[in-house]
Structure formats: structure tokens, C-alpha cells
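FYI, the numbering for the sequence shown is 1072 to 1142, going by our numbering.
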Amino acid sequence: KVPGGLTDISAAADGTVWGVNANHEIFRYIGDQDSTGHWKKISGGLSGISVGSRSNVWGINPDGAIYRFTN
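This is the structure in C-alpha cells:
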């Protein structure tokens, strides 16, 4: 469970799932969709997120700046 719930969530066809909450905290789902997984908090702050694949994650912060996640 994500603290405070999510205000935005995005899932890709490869099973990658990310979300952000009302405090602009970023979370990534770790685990298989068919098993028990957990949410990992990622550093940074976003108000919206979009996931195309594991290596294609984009977000926008509350000021409108656009970011791309890189490992």
C-alpha cells in the first residue's frame, strides 16, 4: 500500500507500474503482477507520470518541468 494513496498511476504492457501521491512522492511497483510485490519510494517529486516501458518513464513536476527517469 502506498502512503496516502495515489493521485496518478501509469502501467506499461511489460508490467512496469509507477505512481505519484498527493505529496508529489514517486513510487515504483516492485514485483510480479501475479505475486505479492511492494511499492518502492523513488527520490524526487512529480505531480504526474507516464510509463511506456521499464526504460521509458516520464513525469511532470508541480512547476511544469518535464523529467525522464534513467537508471
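Every residue, glycine too, gets a C-beta built ideally from N, C-alpha and C.
Values in this document were obtained by computation on a predicted structure and should not be read as measured data.
Assign residue i to buried or exposed, taking buried as 16 or more other Cβ atoms, counted over all protein chains shown, within 10 Å of its Cβ.
i, result
"Asn1094", "exposed"
"Ile1137", "exposed"
"Gly1135", "exposed"
"Gly1130", "buried"
Would residue i and residue j qualify as a contact pair, given that the criterion is a beta-carbon distance under 8 Å?
i, j, result
"Asn1127", "Leu1117", "no"
"Ile1097", "Gly1115", "yes"
"Ile1120", "Lys1111", "no"
"Asp1079", "Val1091", "yes"
Which class does residue i belong to by DSSP, given the choice of helix, strand or coil?
i, result
"Arg1139", "strand"
"Ser1121", "strand"
"Asp1134", "coil"
"Asn1092", "coil"
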